[in-house]
Amino acid sequence: MLPSGSSVCPSPRHQQKTEQLDNNMNGDPSNQPEVIKGLKGIYANTTQLSDVRGDEGRLLYCGYEIEDLADLCSYTEVIYLLLNKRLPNKEELDNLEQRLRHDRELPQPILDFFKSATKKARPMSALRTAVSMLGMYDDRTKDTSQIKEIGLSLIAKLPVMAAYYYRICEGLPLPPIRTDLDEASHFLWLLKGTEPDPHEAKILDLAYILHADHGMNASTFSARVTASTLSDIYSCITAAIGTLKGPLHGGANEAVIEMLQEIGEEENVEAYINEKLANREKIFGMGHRVYKTMDPRAPQLRRIAIRLTQTIGEPKWIRMSDMIARMVRARKGLNANVDFYSATVYYSLGIPSRMFTALFAIARCAGWVAQISEQLEDNTLFRPLSLYTGPDEPLLVPVMEMR
């Protein structure tokens, strides 16, 4: 902080160094450090968890193709796979299911917080704060050997917190916690307060699998950076939720359904998208930072969306989505990503759009816990450099001497 009554101005030495820097850059740019904004294309660590092959349009968890896992496994099996880097046998799967089902109860202070908090906040804001609060009631946080145990508790509690906060905001009673339902079925029970439809639960379980992990995405990177400081897992997951909350990451699926609702009807699609493209506005759900071809999760969700919209009698949503996808692919060379069709799937399941990103967090929590655990197996503090481009040694000159 500058002393009171003082200001700054460039010194002759600063001007000389600036001229030298300009000369160096014009003469030999190779002398300047290369800055990769957003760390695009930079390998920051190794992992055995998920392999995002952008050029091929493939996604693998621990070597298994995402399509095979989606067709043949449950979300609970995928949780076990990510945390243990192998699929479970029957006994291990049963034990994990029971472990999760019996760790869903929330501490009373969390419920009290939801009841007293503003009802205008998004569920992701409530989740971020509630996870941070949970850490205050857990004495295991200083023991790094408890990371996975605490992580399983968070995986079990996140759906309960999201559903309960939503119902409290809507003035609805809170359904009791049950231990006879799997993860997807239990969330639907808590959210809707009615017996879950097995078909809908199966679809949601599949969506959980598709969202469970995805390489060094922004929220996972945020979690691993926090873990690298040896902070507790609650801080790591809080950081991840705050990162996922952004519309350029997990918030895109909410923006997609809002776009479809704004368009309204199929005959309005072409004019709407033409205007967006002409104004260089972002079309959420299109394109991906890594995938150069189709996001391998998108076709899975598109097939589900087609079946669901036919069932509920609103096929216009998938038709509008396909029209948008074709136009943007033809004009911009961008393909639909996982958020684009998940929006229609969630909407067709009767899930409120404000809950879409919270669903993403619920599914991705398994990946976050696994990635945090892996980070701590061979930890190195994340500490990249930044290239300073501000003033170089400005001279402090008292105001009275500047006349």
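Per the numbering used here, residue 2 is the first one in the sequence shown, and the count goes up by one each step. From the three backbone atoms N, C-alpha and C, an ideal C-beta is built for every residue, glycine too.
Quick one: measure Cβ to Cβ for residue i and residue j, integer angstroms, because I've assumed they're closer than 8 angstroms.
i	j	result
S374	A306	Actually they do not touch by this definition, with Cβ atoms about 34 angstroms apart.
V161	L107	6 angstroms
A224	I238	7 angstroms
V257	F341	6 angstroms
R141	I151	6 angstroms
M125	K41	26 angstroms between Cβ atoms; not a contact.
I148	L377	7 angstroms
L60	D104	Not really, about 29 angstroms apart at Cβ, beyond 8 angstroms.
V329	I274	7 angstroms
I210	L388	Not quite, the Cβ-Cβ distance comes to about 41 angstroms (not below 8 angstroms), so this is no contact.
Report buried or exposed for residue i, applying the criterion of at least 16 other Cβ atoms within 10 angstroms of its Cβ.
i	result
G334	exposed
V398	exposed
P392	exposed
M26	For M26, the pLDDT reaches just 46, beneath the cut-off of 50, and the residue's location in the model is therefore unreliable, although a value from the coordinates is still provided. With fewer than 16 other Cβ atoms within 10 Å, it is exposed.
N280	exposed
R327	exposed
H212	buried
R384	exposed
D233	buried
N336	buried
A272	exposed
V36	exposed
T1	Any property of residue 1 remains undetermined from this structure, which presents the chain solely from 2 to 404.
D72	exposed
I363	buried
D206	buried
P199	exposed
In this structure, does DSSP put residue i in helix, strand or coil?
i	result
R320	helix
L245	helix
Y347	helix
E266	coil
L382	coil
S51	strand
G28	Residue placement at G28 cannot be trusted, given a pLDDT of 46 that sits under 50; the coordinates are not used to answer.
M287	strand
A337	strand
L40	helix
E375	helix
P399	strand
Y389	coil
L97	helix
L61	strand
E66	strand
E276	helix
Looking at residue i: is its Cβ nearer than 8 angstroms to the Cβ of residue j?
i	j	result
L386	S229	no
A219	H187	no
V79	A208	no
T77	L101	yes
A163	L128	yes
T358	G288	no
V339	R298	yes
G58	T221	no
M324	Y167	no
V370	I242	no
V235	L159	In the sequence as displayed, the identity of residue 235 is Tyr instead of Val. No. Outside cutoff.
L191	P176	yes
Which value, in whole angstroms, describes the spacing of the CA atoms of residue i and residue j?
i	j	result
Q351	I313	Note that residue 351 is Gly in the sequence shown, not Gln. Using only the alpha carbons, I get a separation of about 10 angstroms.
G64	D52	8 angstroms
K91	H215	26 angstroms
L83	Q372	8 angstroms
A331	E68	26 angstroms
D181	Y62	28 angstroms
A344	S354	8 angstroms
S322	E315	12 angstroms
K121	E171	10 angstroms
E266	W318	9 angstroms
G39	N254	22 angstroms
E282	S117	38 angstroms
Q99	Q33	57 angstroms
N24	D56	Annotation note: pLDDT 47 at N24 (below 50); position unreliable, coordinate value reported separately. Approximately 39 angstroms between the Cα atoms of the pair.
L278	I284	8 angstroms
G28	P395	Residue placement at G28 is poorly supported in this model, since its pLDDT is 46, which falls under 50; the coordinates still yield a value, given next. Taking the straight line joining both Cα atoms gives about 25 angstroms.
R320	G286	15 angstroms
L97	Y81	8 angstroms
I111	N269	45 angstroms
R405	D95	Outside the displayed span of the chain (2 to 404) sits residue 405, for which this structure offers no information.
T145	D139	13 angstroms
R303	L261	15 angstroms
T119	E201	31 angstroms
M115	N46	The sequence given here places Phe at residue 115; Met does not occur at that position. Cα to Cα, the separation comes out at about 37 angstroms.
L88	K193	32 angstroms
C366	Q301	21 angstroms
E184	I264	34 angstroms
K86	T48	11 angstroms
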